[in-house]
Amino acid sequence: MQQRRTIDQIHTNRVLLNGQLDTPKWWAPTVIVLGIIVAIGFFMIGIMVNKGLGVTGLSRPVYWGLFITTFVFWVGISHAGIMISAILRLSQAEWRRPVTRAAELLTVFSLLTALMFPLMHAGRPWRIIYFILPYDFARGIMPNIRSPLIWDPVAISTYLTGSTLFLYIALLPDLGNLRDRTTGWQNALYTILSLGWRGNPRQWKLQTVGGILLSALMLPIFVSVHSIVSWDFAVTPAVEGWHSTIFAPYFVIGAVHSGVSAVVTMMALMRWLWKWEDFIRPEHFDALARLLIVVATGWLAFTFLELIFAVYGLDAPELALRELQIFQWPWNILFITFVITGYIIPVGMWLQKSVRNNIALMFWSSLFVNIGMWLERFLIIVPGLARKTPFVYTWESYRPSGLEWFILFWSLAWVTFLMLLFSRFFPLVPLFEQKESQTFSDSIKIGRVKVPAIVREAD
Amino acid sequence: MSKSVLGLYSDPNQAADAMDALKGAGFPLGTFDVLTGTPYPEGAFGEHVPQHRLFRFPAFGAIIGFTLAIFLTAATQIAYPLVTGGKPILSLFAMLVILYEMSMLSAVISTVVGIVIESRLPNVNPGIYDNRITEGLIGVVITTDDDKSDTAIDALNSAGAMEIKQA
Numbered sequence: 011m012q013q014r015r016t017i018d019q020i021h022t023n024r025v026l027l028n029g030q031l032d033t034p035k036w037w038a039p040t041v042i043v044l045g046i047i048v049a050i051g052f053f054m055i056g057i058m059v060n061k062g063l064g065v066t067g068l069s070r071p072v073y074w075g076l077f078i079t080t081f082v083f084w085v086g087i088s089h090a091g092i093m094i095s096a097i098l099r100l101s102q103a104e105w106r107r108p109v110t111r112a113a114e115l116l117t118v119f120s121l122l123t124a125l126m127f128p129l130m131h132a133g134r135p136w137r138i139i140y141f142i143l144p145y146d147f148a149r150g151i152m153p154n155i156r157s158p159l160i161w162d163p164v165a166i167s168t169y170l171t172g173s174t175l176f177l178y179i180a181l182l183p184d185l186g187n188l189r190d191r192t193t194g195w196q197n198a199l200y201t202i203l204s205l206g207w208r209g210n211p212r213q214w215k216l217q218t219v220g221g222i223l224l225s226a227l228m229l230p231i232f233v234s235v236h237s238i239v240s241w242d243f244a245v246t247p248a249v250e251g252w253h254s255t256i257f258a259p260y261f262v263i264g265a266v267h268s269g270v271s272a273v274v275t276m277m278a279l280m281r282w283l284w285k286w287e288d289f290i291r292p293e294h295f296d297a298l299a300r301l302l303i304v305v306a307t308g309w310l311a312f313t314f315l316e317l318i319f320a321v322y323g324l325d326a327p328e329l330a331l332r333e334l335q336i337f338q339w340p341w342n343i344l345f346i347t348f349v350i351t352g353y354i355i356p357v358g359m360w361l362q363k364s365v366r367n368n369i370a371l372m373f374w375s376s377l378f379v380n381i382g383m384w385l386e387r388f389l390i391i392v393p394g395l396a397r398k399t400p401f402v403y404t405w406e407s408y409r410p411s412g413l414e415w416f417i418l419f420w421s422l423a424w425v426t427f428l429m430l431l432f433s434r435f436f437p438l439v440p441l442f443e444q445k446e447s448q449t450f451s452d453s454i455k456i457g458r459v460k461v462p463a464i465v466r467e468a469d
Numbered sequence: 004m005s006k007s008v009l010g011l012y013s014d015p016n017q018a019a020d021a022m023d024a025l026k027g028a029g030f031p032l033g034t035f036d037v038l039t040g041t042p043y044p045e046g047a048f049g050e051h052v053p054q055h056r057l058f059r060f061p062a063f064g065a066i067i068g069f070t071l072a073i074f075l076t077a078a079t080q081i082a083y084p085l086v087t088g089g090k091p092i093l094s095l096f097a098m099l100v101i102l103y104e105m106s107m108l109s110a111v112i113s114t115v116v117g118i119v120i121e122s123r124l125p126n127v128n129p130g131i132y133d134n135r136i137t138e139g140l141i142g143v144v145i146t147t148d149d150d151k152s153d154t155a156i157d158a159l160n161s162a163g164a165m166e167i168k169q170a
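Chains as they are written, first to last, in the working numbering: chain L, 11 to 469; chain Z, 4 to 170.
Encoded structure:
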């Protein structure tokens, strides 16, 4: 860690708890504006529930459109948390420390948002409760656990529950810290939430061992979730472009690509908005960009493989679909944009050290990735359905309605709104991790140079 | 009547000396503890190394989850025995996903319960404490009989306590 400087615990508390103890001036206006957008979005959803899915652009044969694309997109973003938090925690990567909480939080809120899209898409959400609960005894119909559409909510609910508990357990020491810094109702709230945390060796040991154990348990769940989301498509033999054996790893690596990029976006915003320059440093962006180059290139390989597998068999419907996806208007322009923004521009930028250490450029490149990754999901889902096939008796292309676009925009505002609300009450950077990092930091002299070093406890 | 005494230190070495002084004064391990705002390496203060049984919790949880999942998947299929594509009613592959997810969910929940229980939380009566511990001070706390509290205070002071609190 080259850019570290010694920061005492009082200063760490004052700076990293500035969102809770001394709310920044921009916070309230931003939350109000976002709150208005969120309220309008819920009103729009209400209109759709009242009028039916006719207010969307969905029509046979394109029965899955913007909502399902956005659902897959947010599930993808949710993979940030466990990728960053669990893998880096297990590998004891030192640069994880300022990143983990924000990544876990992004997981929880993006999963919550993702879950809302299939519900909206169902048109009459209350009628699909039997997907989860075996309630409909009158007709004797139980959830069909053989359906991937049941696997999906089960996997996502597991991931959401696990991620939320993981987030809470890692918050305990910081809740104790907030209890010690507050008075009145806030003190009462943090006293209850911190469960009487004192910071004795037993509690710290359980915090460390428990964190590693939960990371190890969450990793297989993280892999399973996007695999199962991919099977929503891959087990549908009737749609070319969906029925692919590589979909599970392809979706997982794509999710990591978009999720880690979203963490970069969020870290840049945190650094700018809360002025955490001492804690979120260029070296963290540099490390994330190096990781992203590997992930993005792995993801590109899967994208390429998917195309190769599709065209190698010279199966006429598959070839027709790929021609539609890549060469025909308007899909061709979307495809080009997807490749350029998903890989060529960001990876081209990240190969430069000057870009990796430039927060503004990292911010914009990470946004490019998520534009590309949203388009990737759209291009997987819609053209396969929109392609004219012999036995389809109605055939229309898909043009998303204004309401669908607004709900997509609403989801971005909704996640940001939830994050900002969270930041008012809970710290976005784990304080105890920062302090531990200071405890273990040292410098060693090698020859004539003094090198910053981290002391690590033997397992 | 028992009494709690807390000594506050700014330096980890002093806190370790205080722990040694308490041991030297005849207080048994386990009657005194060290409180910090950040994790320190195990044994840094010469404290009693805590034992735990956390690893049993996820295993137990996974077994419970798996059993419940077997019941849910089998019962729902048998309750509405719709033959699909000539496949068996109890279709194992389709059950695997639910079995896996429910086992993992139960393992995670029981691990979290295990962390809370093994951390001795929730702690309704946390006892003597000082808010400056989360600002970097290190607290050495001992609960002892009233008549031995002076010995404990002497031991804590001998290590250079910057402040002593009693309750």
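Beta carbons are placed, not taken as given, at the ideal position from N, Cα and C, and that holds for glycine.
Remember, it's a predicted structure, so these values are computed and weren't measured experimentally.
Buried versus exposed call for residue i [16 or more other C-beta atoms within 10 Å across all chains shown]
i: Lys215 of chain L; result: buried
i: Glu406 of chain L; result: exposed
i: Gln17 of chain Z; result: buried
i: Asn187 of chain L; result: buried
i: Gly56 of chain L; result: exposed
i: Lys445 of chain L; result: buried
i: Gln338 of chain L; result: exposed
i: Val72 of chain L; result: buried
i: Asp325 of chain L; result: exposed
i: Phe427 of chain L; result: buried
i: Pro211 of chain L; result: buried
i: Val459 of chain L; result: exposed
i: Val52 of chain Z; result: exposed
i: Arg70 of chain L; result: exposed
i: Phe35 of chain Z; result: buried
Beta-carbon proximity list for residue i, same chain, < 6 Å, skipping 5 on both sides
i: Met98 of chain Z; result: Thr76
i: Asn367 of chain L; result: Pro292 and Asp296
i: Ile47 of chain L; result: Ala423
i: Ser433 of chain L; result: Gly29
i: Ser88 of chain L; result: Thr117, Ser120 and Leu121
i: Thr146 of chain Z; result: Ser5 and Ser7
i: Leu298 of chain L; result: Val274
i: Ile92 of chain L; result: Met228 and Phe232
i: Ile381 of chain L; result: Thr351
Close-in-space but distant-in-sequence residues of the same chain around residue i (CB under 7 Å, 5 per side omitted)
i: Leu63 of chain L; result: Gly133
i: Leu185 of chain L; result: Tyr200, Leu203, Ser204 and Trp207
i: Phe176 of chain L; result: Glu114, Leu224 and Met228
i: Asp157 of chain Z; result: none
i: Phe81 of chain L; result: Ala124, Phe127 and Pro128
i: Leu181 of chain L; result: Phe436
i: Leu317 of chain L; result: Arg332
i: Pro247 of chain L; result: His253
Bounding residues of the beta strand (DSSP E) (the contiguous stretch that carries residue i)
i: Lys151 of chain Z; result: Looking at the DSSP string, Lys151 of chain Z is not in any beta strand (DSSP E), and its letter there is neither H nor E.
i: Asp36 of chain Z; result: Phe35 to Leu38
i: Tyr6 of chain Z; result: First, the amino acid is wrong: residue 6 of chain Z is Lys here, not Tyr. Per DSSP, Lys6 of chain Z belongs to the beta strand (DSSP E) from Ser5 to Tyr12.
i: Glu316 of chain L; result: No beta strand (DSSP E) contains Glu316 of chain L, which is instead part of the alpha helix (DSSP H) from Pro292 to Tyr322.
i: Gln169 of chain Z; result: Glu166 to Gln169
Limits of the alpha helix (DSSP H) - the one that residue i falls within
i: Gly51 of chain L; result: Trp37 to Lys61
i: Thr1 of chain L; result: In this structure chain L extends from 11 to 469, so residue 1 of chain L is not present and cannot be described.
i: Val164 of chain L; result: Pro158 to Arg191
i: Met98 of chain Z; result: Leu95 to Glu121
i: Asn28 of chain L; result: Asn28 to Leu31
i: Val270 of chain L; result: Phe257 to Trp284
i: Asn16 of chain Z; result: Pro15 to Gly27
Integer-rounded CB distance, given that residue j should sit under 8 Å from residue i
i: Val379 of chain L; j: Ser268 of chain L; result: 6 Å
i: Leu283 of chain L; j: Trp36 of chain L; result: 7 Å
i: Ile166 of chain L; j: Val270 of chain L; result: So it is not a contact: roughly 20 Å between Cβ atoms.
i: Ile391 of chain L; j: Ile78 of chain L; result: 6 Å
i: Met277 of chain L; j: Ile256 of chain L; result: Not a contact, Cβ separation roughly 31 Å.
i: Gly139 of chain Z; j: Gln213 of chain L; result: Their Cβ separation, rounded to whole angstroms, is 17 Å, which puts Gly139 of chain Z and Gln213 of chain L out of contact at 8 Å.
Cβ-based neighbour list, residue i, same chain, cut-off 8 Å, excluding 5 preceding and 5 following
i: Gln169 of chain Z; result: Lys6, Ser7, Val8, Leu9, Ile131, Ser152 and Ile156
i: Val321 of chain L; result: Glu328, Leu329 and Arg332
Validate contact between the segment 35 to 50 of chain Z and the segment 80 to 99 of chain Z using beta carbons, cut 8 Å, 3 pairs: no
contact_flag[the segment 430 to 446 of chain L, the segment 104 to 111 of chain L] where n(CB pairs < 8 Å) is 3 or more: yes
Sufficient close CB pairs (3 or more, under 8 Å) joining the segment 110 to 124 of chain Z to the segment 53 to 69 of chain Z: yes
The segment 410 to 430 of chain L touching the segment 74 to 90 of chain L, judged by at least three CB pairs closer than 8 Å: yes
Cβ pair count under 8 Å reaching 3, the segment 449 to 458 of chain L against the segment 114 to 127 of chain Z: no
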